[in-house]
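In UniProt numbering, the protein residues as written are 1 to 349.
Note that beta-carbon positions come from the ideal geometry of N, C-alpha and C, so glycine has one too.
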């Protein structure tokens with residue numbers, strides 16, 4: 001009973017603090033920013049810190065991050081329905097724009113560990129009989145009495161002060177039977193297994209679902225039209241969403257969040273971020289000249305988003321850096337000469 005234990009410990013700490021507060025019986029002006037006064041959330045994550053981490057790693061999605069922040073504020077203020085998950089959001093948009101990364105970063109920022117994300121790949125649940133992986137085998141089948149499921153109940157439970165983050169990735173690929181099973185989770189915050197002896201509780205969970213619905217239609221429109229505004233992108237994707245999912249499923253989602261295609265003007269920020277992450281992994285200084293960055297931008301394919309930037313770096317930059325690292329060099333200054341990416345000789349090393 002880790003959740004109950006955490007709750008009791010938290011209440012003990014609050015009692016200690018209230019006893020230690022001078023003049024506790026006198027009325028105080030409520031100020032949520034002052035510890036010991038006013039409203040105090042049971043959740044100990046800092047919204048400011050979480051959002052700083054998200055904004056540092058998710059580029060070109062300011063509106064999306066604003067919606068995520070609003071969801072966290074509602075959760076932190078404990079305004080969520082106690083009989084449902086803390087929050088349910090469907091993340092829509094083209095591939096490679098940061099939908100899955102948002103879930104990973106959120107889990108890490110809230111709990112301190114990226115591995116605390118409970119991720120379910122819905123692509124593996126595309127057949128109707130795979131619903132047993134979620135809710136257990138039907139009565140009379142092997143494993144029905146044990147109530148086996150692919151969910152990690154302890155990970156989903158989180159703790160009294162820390163919510164869990166559950167990701168249903170590529171939702172559109174799940175079978176109808178799996179989606180029906182999810183309806184109960186979104187509606188009641190619980191999943192009762194077919195065995196009848198186990199129930200998995202999602203009421204302390206932030207549930208995120210991702211989907212690439214509408215991507216084909218969006219790309220087709222982009223091919224025909226030179227410009228595709230964010231509003232037009234959202235309209236195309238929303239139409240695909242309503243065509244795929246029943247209204248009763250969509251109505252159980254708190255927030256439908258639309259990610260935009262990453263425009264070329266944001267590419268420099270993404271390239272700089274990826275190079276920064278590579279430097280942190282290798283403790284190796286990497287400097288790209290302007291002509292190298294411009295060449296990478298010219299090769300960028302908007303259909304694949306950040307994944308295409310990573311692919312370009314892996315193809316053009318990583319081999320040069322790897323060679324320098326293996327030679328025990330401390331930095332790589334990369335420029336372009338006669339159509340080739342080259343490392344500038346450093347005579348000081």
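Between the C-alpha atoms of residue 165 and residue 314 there is a straight-line separation of about 30 Å. Counting along the chain, residue 121 sits inside the beta strand (DSSP E) bounded by residues 117 to 121. Note that the C-beta distance between residue 262 and residue 90 is not below 7 Å. When secondary structure is reduced to three states using DSSP, residue 249 falls in the helix class.
Residue nearest to residue 127 within the set 173, 105 and 151 is 173 (criterion: CA-CA distance). Under the DSSP assignment, residue 210 falls in the beta strand (DSSP E) whose first and last residues are 205 to 211. Taking one beta carbon from each stretch, the stretch 263 to 272 and the stretch 222 to 234 have fewer than 3 pairs nearer than 8 Å; the two do not touch. Annotation for residue 259: no alpha helix (DSSP H) segment contains it, and DSSP assigns it neither H nor E.
Counting only residues of its own chain and dropping the five nearest sequence neighbours on each side, residue 316 has a CB closer than 6 Å to the CB of 341. CA-to-CA, the gap between residue 310 and residue 274 works out to about 7 Å. Under DSSP, residue 88 takes part in a beta bridge, and its partners are 207. Taking the Cα positions, residue 192 is about 13 Å away from residue 186. The criterion of a C-beta distance shorter than 7 Å is satisfied by residue 334 and residue 343. Residues of the same chain with a CB within less than 6 Å of the CB of residue 199, apart from the 5 flanking positions on each side, are 190 and 192 in chain order. DSSP, read as helix, strand or coil, puts residue 298 in helix.
Secondary structure at residue 288: strand, using DSSP grouped into helix, strand and coil.
Counting every other CB atom within 10 Å of its CB across the protein chains shown gives residue 48 a total below 16, marking it as exposed.
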